[in-house]
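So the sequences go chain by chain: A and B. So the first sequence is residues 1 to 480, counted in full-length UniProt numbering. So the second sequence is residues 1 to 480, counted in full-length UniProt numbering. To start, the structure under review is shown below, and the notes come after it.
Number of protein chains: 2
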Amino acid sequence: MDDNLIVYCAFYLVKPIFAQTNFVMQEIKKYVETHKQRFLDELFELLRFPSVSADPKYKGDVLKTADYVAQKLKDAGADHVEICPTAGYPIVYGEKIIDAALPTVLIYGHYDVQPADPLELWHTPPFEPTVRDGKIYARGACDDKGQFYMHVKAFELMMQTNTLACNVKFMIEGEEEVGSANLGIFVNANTERLKADVVLISDTSMISMEHPSIETGLRGLAYMEVEVVGPNRDLHSGVYGGAVANPATILCKMIASLHDENNHITIPAFYDKVVELSDEEKKALNAAPYDEAEYKKDLDIEEVWGEKGYSTLERTGTRPTLEVNGIWSGYIGEGAKTVLPSKANAKISMRLVPNQSSEEIAEIFTKHFESIAPKNVKVKVTPHHGGEPVVTPTDSIAYKAAEKAIEDSFGKTAIPTRGGGSIPIVALFEDVLGIKSVLFGFGLDSDALHSPNEKYDIYNYYKGIETLPLFHKYFAELSK
Amino acid sequence: MDDNLIVYCAFYLVKPIFAQTNFVMQEIKKYVETHKQRFLDELFELLRFPSVSADPKYKGDVLKTADYVAQKLKDAGADHVEICPTAGYPIVYGEKIIDAALPTVLIYGHYDVQPADPLELWHTPPFEPTVRDGKIYARGACDDKGQFYMHVKAFELMMQTNTLACNVKFMIEGEEEVGSANLGIFVNANTERLKADVVLISDTSMISMEHPSIETGLRGLAYMEVEVVGPNRDLHSGVYGGAVANPATILCKMIASLHDENNHITIPAFYDKVVELSDEEKKALNAAPYDEAEYKKDLDIEEVWGEKGYSTLERTGTRPTLEVNGIWSGYIGEGAKTVLPSKANAKISMRLVPNQSSEEIAEIFTKHFESIAPKNVKVKVTPHHGGEPVVTPTDSIAYKAAEKAIEDSFGKTAIPTRGGGSIPIVALFEDVLGIKSVLFGFGLDSDALHSPNEKYDIYNYYKGIETLPLFHKYFAELSK
């Protein structure tokens, strides 16, 4: 085509499309600008509830949080808002069905949070949201309150600007941090009510606001608790030291043996079902920006560390791992106590990748751990909740809709990433409801999830609220 | 000599000696029998004080215990009873000088006790002395209240029966369980007042009442606290697991490397100064009764475990060891928390034998531990209080006096044993006061020192009170 024709097309074809998109963005931004303070105040109120599902002493607070979430859904315009009881904490449901012919987006999130301890390491109280340098510091700021609440505000925005493009359903649970034991039962019992075309979840992170990304994979999880018992009581380490096997030392040796010098896990059959990435996939994965100097500086470490033969991104996204989450034995208080402990305990979890199975890995681990225990100790292995690894294909409508939303909102093409964390219920949704999930999170790796001084950038919070309506728009368009 | 002469000697020479000894024993037993209930009541009152020196919240109780000990010394007949202040807990002093020409016995003990935790494992409260099956159950029953109090009652007995054979000095401190930090200062400042010919200590055990024994050696002690730090905060084990070294795993690997497959400590130069026993000494040591089946049954273990090439008695009495007394890292509460911990800590102590030096071993350990740390963690090693190993020769007057006392009281020859525990101040007494100690304990290995349900057999308590005056008698005689 000659230059004139190109200019003609640009002016009369692209420009209107661009103009229309521009208009939609402007409307969204205007709404957010108008209500931004309230959006923040409501989130702060949500953050003030110490909804710690792992600790029964916060039971009342967790329930109050569910009430608040339900109220906010109602305020945003949802129908049939219900606090659905379970054998544990309730699941908050709400919906807006505008047209049965339109696709349905099911939004999942959780209103419970991790325990805040160790408390003494927080700079401001974990349940008193505080802003510093444009970041909201609070337990749950990112995981998951800040993130799921963006959806509630995005929904309000679409309702108020009359731009709701899909049917919407909300399912916000209160037990994610303790394994979502009752979610499966709820989902199985509500397959009709939860019928949808995609599950939308914001509980993951982006590379950065400069490099927006979409999580296309999550690792699975197998969580084990082990106990090694030697003598039937704590012993005086002078009287018995050297004559009796020390369970603490035995446990150290057993744990030490689980990785070889290349940080490859030594458990037999552990890697059997692991699917290696193709060279092409590896290339795409490693194309994501990764500044190792920055990564090390942020953590204040001299060297990264992992399985030989894999990059950092491959190690966290595509390789299974085994980590000690906790270990304790003997006297751990102030000062000295010369005890040869009776027992030693550890919490060990493994992150899994396709096609490993959480149940199978738990069995493999148990069998191996019991087999490497020397004769003079007794070993007990107890599995906790697990979860399967998942991958979302980049050629799906759901992924494409998210990609387009990011294109408009950020002006960039999203990078597909493979995440290190686990969200076990994603596999559940696929199995029981037959729908894939889109992991559309706006967090950052620096958010310190599960750590003291968890935070969520205010910029990211608003950016998410602005971007999510576009997902709905494009999901509807691509579903036609 | 012909038979008649032998009979003549037996009748006119031996019998009177025997009769005299018999008479002394009878007098002792009569006194104990008369006052036994009060002896027990006074000990119970002493045991009721929770004199836990390691925990500042018991400060008041520790001080009250010192008051009680001072009062009891006065009641028993001691002069110049004084509660001597130190920078920490006071030392209770008392004396009876009958004749400057007589030898002086300095009695050492401690009125403080180990912490009682874990409390939930005690069958009866640790500071409510309870009798079951002829045993007194309480924290401190054996270590050291039951044992040092025997000396106070033995002293009272000798005063009341006018049989005090030596000058007597008491030095009962309140910080043994936390390293006796201020004892050295006190001893150095009171060398005149503490002048003596032997130190008598009851803070060890006998093989059994059927096989009375005297401890001729104590192991030394080096106590280290180690900390391994990786990332500057606890991390989400999904986001970072596999990419960052886990300090808990690193610590396990470092600890695991400290013993080889023969349970020989791998720290370079660790064994350099160790004096091996001669074949003769080994033979004597291993002649002591040791029932391995009983030992294992008592601890409920399938196998004993220690340095290859050494028997159990050699392992605990004559070989140095390294034990993990405590280890902790990450999340150790209820349930699951998927954290990659920022740091990992352990308490590690080493028992030493002649001629190892506590300070030198602490340096050797520190250097080695720092050297085996991989580059991606920072390691901190902090030494606690230590103590030197000691040996008391069996041909000394002090040992002989104890041997004869046991001969009379038990009707048997004492077996010389090498103990596994440490009493650091024994080396202090030798260095500063120039006097040897006799480790004349009446405890049993089953007393569960430093453990829940510590106990002291009532039989042993009275037996000690009966036997100790004989030590004084023979020490005076052998010193002429």
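Backbone N, C-alpha and C fix where the C-beta goes; we use that ideal spot for every residue, glycine too.
Are there 16 or more other CB atoms within 10 angstroms of the CB of residue i, so buried, or fewer, so exposed?
{"i": "B:LEU119", "result": "exposed"}
{"i": "A:VAL105", "result": "buried"}
{"i": "B:PHE23", "result": "exposed"}
{"i": "A:GLU403", "result": "buried"}
{"i": "B:MET1", "result": "Residue confidence is low: B:MET1 scores 49 on pLDDT, short of 50, so the model does not pin down where it sits. No coordinate-derived value is stated."}
{"i": "B:ALA196", "result": "buried"}
{"i": "B:TYR93", "result": "buried"}
{"i": "B:GLN26", "result": "exposed"}
{"i": "A:VAL275", "result": "exposed"}
{"i": "B:GLN147", "result": "buried"}
{"i": "residue 481 of chain B", "result": "Absent from the model: residue 481 of chain B. The displayed extent of chain B is 1 to 480, so no value can be given."}
{"i": "B:PHE471", "result": "buried"}
{"i": "B:ASN262", "result": "exposed"}
Verify the CB distance criterion: does residue i have a CB-CB separation below 7 Å to chain A?
{"i": "B:GLY421", "result": "yes"}
{"i": "B:GLY238", "result": "yes"}
{"i": "B:TRP328", "result": "yes"}
{"i": "B:GLY242", "result": "yes"}
{"i": "B:LYS253", "result": "yes"}
{"i": "B:LEU449", "result": "yes"}
{"i": "B:PRO231", "result": "yes"}
{"i": "B:HIS264", "result": "no"}
{"i": "B:ILE361", "result": "no"}
{"i": "B:ILE301", "result": "yes"}
{"i": "B:ASP445", "result": "yes"}
{"i": "B:ILE332", "result": "yes"}
So, with DSSP's three-state summary, where would you put residue i?
{"i": "B:VAL52", "result": "strand"}
{"i": "A:SER213", "result": "strand"}
{"i": "B:ILE364", "result": "helix"}
{"i": "A:SER205", "result": "strand"}
{"i": "B:SER349", "result": "strand"}
{"i": "A:LYS273", "result": "coil"}
{"i": "A:THR392", "result": "coil"}
{"i": "A:MET1", "result": "A caution first: A:MET1 carries a pLDDT of 49, below 50, which makes its placement in the model too unreliable to give a value."}
{"i": "A:PRO469", "result": "helix"}
{"i": "A:VAL62", "result": "helix"}
{"i": "A:HIS123", "result": "coil"}
{"i": "A:GLU173", "result": "strand"}
{"i": "A:CYS252", "result": "helix"}
{"i": "A:ILE372", "result": "coil"}
{"i": "A:GLY140", "result": "coil"}
{"i": "B:GLY326", "result": "strand"}
{"i": "B:VAL32", "result": "helix"}
{"i": "A:ALA222", "result": "strand"}
{"i": "B:VAL377", "result": "coil"}
{"i": "B:ALA293", "result": "helix"}
{"i": "A:ILE151", "result": "It is His, not Ile, that sits at residue 151 of chain A in the sequence shown. Helix at A:HIS151."}
Can you give the beta carbon distance from residue i to residue j, rounded, assuming they're within the 8 Å contact cut?
{"i": "A:LEU47", "j": "A:LYS135", "result": "Rounded, the Cβ-Cβ distance is 13 Å, inconsistent with contact."}
{"i": "B:SER257", "j": "B:ILE372", "result": "6 Å"}
{"i": "B:ASN246", "j": "A:GLU323", "result": "5 Å"}
{"i": "A:THR338", "j": "B:GLY242", "result": "Their Cβ separation, rounded to whole angstroms, is 37 Å, which puts A:THR338 and B:GLY242 out of contact at 8 Å."}
{"i": "A:ALA288", "j": "A:SER208", "result": "About 10 Å separates the two Cβ atoms, so there is no contact after all."}
{"i": "A:ARG351", "j": "B:GLY238", "result": "6 Å"}
So with Cβ pairs under 7 Å, would you call residue i a contact of chain B?
{"i": "A:ASN376", "result": "yes"}
{"i": "A:ARG139", "result": "no"}
{"i": "A:LEU340", "result": "yes"}
{"i": "A:ASP234", "result": "yes"}
{"i": "A:VAL226", "result": "no"}
{"i": "A:THR163", "result": "no"}
{"i": "A:SER349", "result": "yes"}
{"i": "A:GLY335", "result": "yes"}
{"i": "A:GLU323", "result": "yes"}
{"i": "A:HIS384", "result": "yes"}
{"i": "A:ALA293", "result": "no"}
Tell me which residues of the segment 306 to 321 of chain B have at least one Cβ-Cβ distance to chain A shorter than 7 Å, keeping chain order. Among the residues of the segment 306 to 321 of chain B, those with a Cβ less than 7 Å away from any Cβ of chain A are GLY306, GLU307, THR312, ARG315, THR316, ARG319 and THR321, in the order of the chain.
To be precise: take each residue of the segment 202 to 213 of chain B, compare its Cβ to all Cβ atoms of chain A, and keep it if any distance is under 9 Å. Which residues remain? SER205
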